[in-house]
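S.K.: Line order of the protein sequences matches chains S and W. Residue 0 is where the first sequence starts when you use numbering that gives the first Met the number 0, and the numbers rise one by one after that. Residue 0 is where the second sequence starts when you use numbering that gives the first Met the number 0, and the numbers rise one by one after that.
2 protein chains.
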Amino acid sequence: MIRFHGYFRSSSAYRCRIAFNLKGIGYDFTSVHLRRGGGEQKTPEYRALNPQALVPTLEEGEFTLTQSLAIIEWLDETQPGPKLLPADANLRAEVRAFAQVIACDVHPLQNLRVLDYLKGTFGADQAACDAWCGRWITDGLAACEALLAKRPATTYCFGEMPTLADICLIPQVFSASRFGVSLEAMPRVRAVAAACEALPAFAAAAPKNQPDWEA
Amino acid sequence: MIRFHGYFRSSSAYRCRIAFNLKGIGYDFTSVHLRRGGGEQKTPEYRALNPQALVPTLEEGEFTLTQSLAIIEWLDETQPGPKLLPADANLRAEVRAFAQVIACDVHPLQNLRVLDYLKGTFGADQAACDAWCGRWITDGLAACEALLAKRPATTYCFGEMPTLADICLIPQVFSASRFGVSLEAMPRVRAVAAACEALPAFAAAAPKNQPDWEA
Chain S
0 MIRFHGYFRS SSAYRCRIAF NLKGIGYDFT SVHLRRGGGE QKTPEYRALN
50 PQALVPTLEE GEFTLTQSLA IIEWLDETQP GPKLLPADAN LRAEVRAFAQ
100 VIACDVHPLQ NLRVLDYLKG TFGADQAACD AWCGRWITDG LAACEALLAK
150 RPATTYCFGE MPTLADICLI PQVFSASRFG VSLEAMPRVR AVAAACEALP
200 AFAAAAPKNQ PDWEA
Chain W
0 MIRFHGYFRS SSAYRCRIAF NLKGIGYDFT SVHLRRGGGE QKTPEYRALN
50 PQALVPTLEE GEFTLTQSLA IIEWLDETQP GPKLLPADAN LRAEVRAFAQ
100 VIACDVHPLQ NLRVLDYLKG TFGADQAACD AWCGRWITDG LAACEALLAK
150 RPATTYCFGE MPTLADICLI PQVFSASRFG VSLEAMPRVR AVAAACEALP
200 AFAAAAPKNQ PDWEA
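This is the structure:
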């Protein structure tokens, strides 16, 4: 049985939950509370699994894996269930690039440790942190919209089945809503998000449906 | 012939150059000067290729691809030459995770647009920006060191051949040097960096050896 260390609000953990659900794979869950007691991710025990002290982490026997995109590709390559990356090499590359727009150039900038630095060193208040996050989310999702607009419209980002692209997009759209980012100018992103949110695999992965959820 | 849009100092373009060289693949190069005229990456022509207005971008005929990790995996899957990802699924996942520590959680935080925001909105001076970059580079490379220390020592990060992990590590080590980050406590990182830098594929990809290099 796979063990999955995550946190309900973590966008990276949310991605992995969607992937587990789409592939129909069960897992044992360990909650790593990022706020409690200064952050459970910073304990020596957790750092031994994940030297970055970030969620998520996957364990299968002696094998330990960090980083959500690596975890999702590993699940796709080693576990049964529908494929999360297309078979065509060019399309697969476009899916990865789309996912990396979010996973590299948006999400890490709104990470807890980054916001703590902005507050602690630059004296940023909550409004300044929200504006910071809003800027990168807006830029990133506008780029996602432009990448989608280059292609014929499909139900999901890259066709009629959800892929790694949708898996990254939906948690980022959730986060956009938290930070009050408008998706008004992003019709393709909104249409894909609506299609994904109608799927049980996406809905069950939402933060509010997790055992460690807190209001 | 592949066309590659890059910039000598960009860490992401540097990664792709190493990959091209390791696989022995030639390409036509277009320099995208990130500073000149307010940034050549911001022109409508370039944004049509890369909606993020970031380098690098790859073109092959009608196919356009952004994001360095997606580009490198595409090269590896579609082009001849030595493999840049291991055949074993678990090891391949570990290589991807290592690469993503750098490509997701270190490099985007030291991007030009991010530093411009820190200066413009938070009034950060050069020393404050250097400290910011230094913090994320130190954290990230320390995590890389810990990931390497879990494994038997090998010439390169994950064995006796360079992989995507080394391709990401070397530009980040170069950047660490620019920002005065000490690698004193990272013997494994230093040993791998020394081994890579002795290879012509890595040396030829260095910023100072590019046609658009400026002192």
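From the three backbone atoms N, C-alpha and C, an ideal C-beta is built for every residue, glycine too.
#1: Which residue comes first and which comes last in the alpha helix (DSSP H) that contains residue 189 of chain W?
#2: Does DSSP put residue 77 of chain W in a helix, a strand or coil?
#3: Could you compute how far the alpha carbon of residue 168 of chain W sits from the alpha carbon of residue 32 of chain S?
#4: Output, in sequence order along the chain, the residues in the region 75-93 of chain W whose CB is closer than 9 Å to any CB in chain S.
#5: Going by the CB atoms, is the gap between residue 108 of chain W and residue 162 of chain W shorter than 8 Å?
#6: Should residue 209 of chain S be labelled buried (16 or more other beta-carbon atoms within 10 Å of its own) or exposed?
#7: Are the Cβ atoms of residue 68 of chain S and residue 98 of chain S separated by less than 8 Å?
#8: Are the beta-carbon atoms belonging to residue 81 of chain W and residue 21 of chain W less than 8 Å from one another?
#9: Report the neighbours of residue 107 of chain S on chain W: residues whose CB is nearer than 7 Å to its CB, in chain order.
#10: Roughly how many angstroms lie between the CA atoms of residue 172 of chain S and residue 122 of chain W, to the nearest whole one?
#11: Count the other CB atoms, across all protein chains shown, that sit within 10 Å of the CB of residue 77 of chain S; report buried if there are 16 or more and exposed otherwise.
#12: Grab me the residues of residue 59 of chain W's own chain with a C-beta within less than 6 Å of its C-beta, minus the 5 sequence neighbours each way, in chain order.
#13: Quick check on residue 211 of chain W: does DSSP put it in helix, strand or coil?
#14: Residue 65 of chain W to residue 143 of chain S, Cα distance in whole Å?
#15: Considering only the alpha carbon of each residue, which of W:170, W:42, W:38 and W:130 lies closest to residue 203 of chain W?
#16: Can you pull out the residues from the region 122-139 of chain W whose beta carbon lies closer than 9 Å to at least one beta carbon of chain S?
#17: The alpha helix (DSSP H) spanning residue 93 of chain W covers which residue range?
#18: Just to confirm before moving on: does the CB-CB distance between residue 55 of chain S and residue 4 of chain S stay below 8 Å?
#19: Can you tell me the Cα-Cα spacing of residue 38 of chain W and residue 164 of chain W, whole angstroms?
#20: So, with DSSP's three-state summary, where would you put residue 35 of chain S?
#21: Under the three-state reduction of DSSP, which class applies to residue 28 of chain S: helix, strand or coil?
#22: Any idea which residues DSSP pairs residue 155 of chain S with across the strands?
#23: With 8 Å as the threshold, decide whether the Cβ of residue 66 of chain W is near any Cβ in chain S.
#24: Anything in chain W within Cβ reach of residue 62 of chain S, meaning under 7 Å, just list it in chain order.
#25: For residue 72 of chain S, return the contacting residues in chain W, with the cut-off set at a CB-CB distance below 7 Å.
#26: Return yes when the Cβ of residue 71 of chain W is within less than 8 Å of the Cβ of residue 15 of chain W, no when it is not.
#27: Would you mind giving the Cβ-Cβ distance between residue 141 of chain W and residue 187 of chain W, rounded to the nearest angstrom? I have them listed as a contact below 8 Å.
#28: When burial is assigned at 16 or more other CB atoms within 10 Å of the CB, is residue 197 of chain W buried or exposed?
#29: Per DSSP, residue 58 of chain W is paired with what?
#30: Just to confirm the assignment, what range does the alpha helix (DSSP H) spanning residue 142 of chain S have?
#31: If you run the structure through DSSP and keep just helix, strand and coil, what is residue 41 of chain W?
#32: Give the residues of chain W in contact with residue 12 of chain S, contact being defined as C-beta atoms less than 9 Å apart.
#33: Starting from the beta carbon of residue 45 of chain W, find every residue of chain S whose beta carbon is closer than 9 Å, and list them in chain order.
#34: Identify, in the order they occur along the chain, each residue of the same chain with its Cβ nearer than 7 Å to the Cβ of residue 75 of chain W, setting aside the five sequence neighbours on each side.
#35: So, at 8 Å on beta carbons, what are the nonlocal neighbours of residue 136 of chain S in its own chain, with the 5 sequence-adjacent residues on each side left out?
#36: With a threshold of 16 other CB atoms inside 10 Å of the CB of residue 25 of chain W, please say whether the residue is buried or exposed.
M.R.: Quick look at the numbers:
#1: 186-196
#2: helix
#3: 30 Å
#4: 76, 77, 88, 89, 91, 92 and 93
#5: no
#6: buried
#7: yes
#8: yes
#9: 103, 104, 107 and 108
#10: 30 Å
#11: exposed
#12: 1
#13: coil
#14: 12 Å
#15: W:170
#16: 122, 123, 127, 130, 131, 134, 135, 138 and 139
#17: 88-104
#18: yes
#19: 30 Å
#20: helix
#21: strand
#22: S:158
#23: yes
#24: 89
#25: 92 and 95
#26: yes
#27: Not confirmed; about 11 Å, so no contact.
#28: exposed
#29: W:2 and W:63
#30: 125-148
#31: helix
#32: Those do not exist, as residue 12 of chain S stays about 14 Å from chain W at its closest Cβ, beyond 9 Å.
#33: The contacting residues do not exist; residue 45 of chain W stays about 12 Å from chain S at best.
#34: 82, 83 and 84
#35: 105, 109, 171, 174, 175, 178 and 180
#36: exposed
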